[in-house]
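Read in order, the letters of the sequence shown correspond to residues 62 to 208 in our numbering. Virtual Cβ for every residue (Gly too), placed ideally from N, Cα, C. Below: one structure, written as structure tokens.
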Amino acid sequence: MSFSQRVGVTIPILWLGFVLSISFMEAWLKFQAEGVTQVIGLSIGRLVFGVLNKVELFFMIALLFSTLKAYGFKINKTLKTILISLLVILLAQTFYLLPMLDQRAVMIIDGTIPDSTYLHFYYVFLELLKVILLAIFSHQMLSKYKG
């Protein structure tokens, strides 16, 4: 297995671990800790999700380059669809959802109660979709090299 192929197998598994750990554990668990107010929790969340987004952008670029280097454009339709879907999800989160959620968090931290929106729901939905896509991609890549 070439270095590019190993990266193509490793990155989606690492990425999946990051998303599961932060989005589905840290995000809500911090509010359960004694002494963590909404303001503190939101401040931590802004920092953590900002860094996670940068790590995810790195993972996406590494995954795209390693997959293209290993297979060129000869990857199967499923993997190609997953890569494109992951890219679209990440771009939507990076340039729309995270800035909007960050703005809402700042408003709450500053003492303003923003109007209700579905932004959080959309973000969580895309995170769930991302987890499913990364799991399928990882399984497909591992299946290529078992044996």
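Inter-segment contact for the segment 154-170 and the segment 122-134 is absent: fewer than three beta-carbon pairs are separated by less than 8 Å. I105 and N137 have their alpha carbons spaced roughly 40 Å apart. A distance of 8 Å or more separates the beta carbons of I197 and I145. About 6 Å separates the Cβ atoms of L187 and Q154, confirming a contact at the 8 Å cut-off. Per DSSP, G111 is one residue of the alpha helix (DSSP H) stretching across 99-132. Residue environment analysis places F120 among the buried positions, since at least 16 neighbouring C-beta atoms fall within 10 angstroms of its C-beta. Ranked by Cα distance from I193, the options V68, L140, D171 are led by L140.
CA-CA distance, I174 to V100, rounds to 12 Å.
By the beta-carbon neighbour count (other beta carbons within 10 angstroms, threshold 16), S199 is buried.
Taking the CA atoms as reference points, S63 sits about 32 Å from G111.
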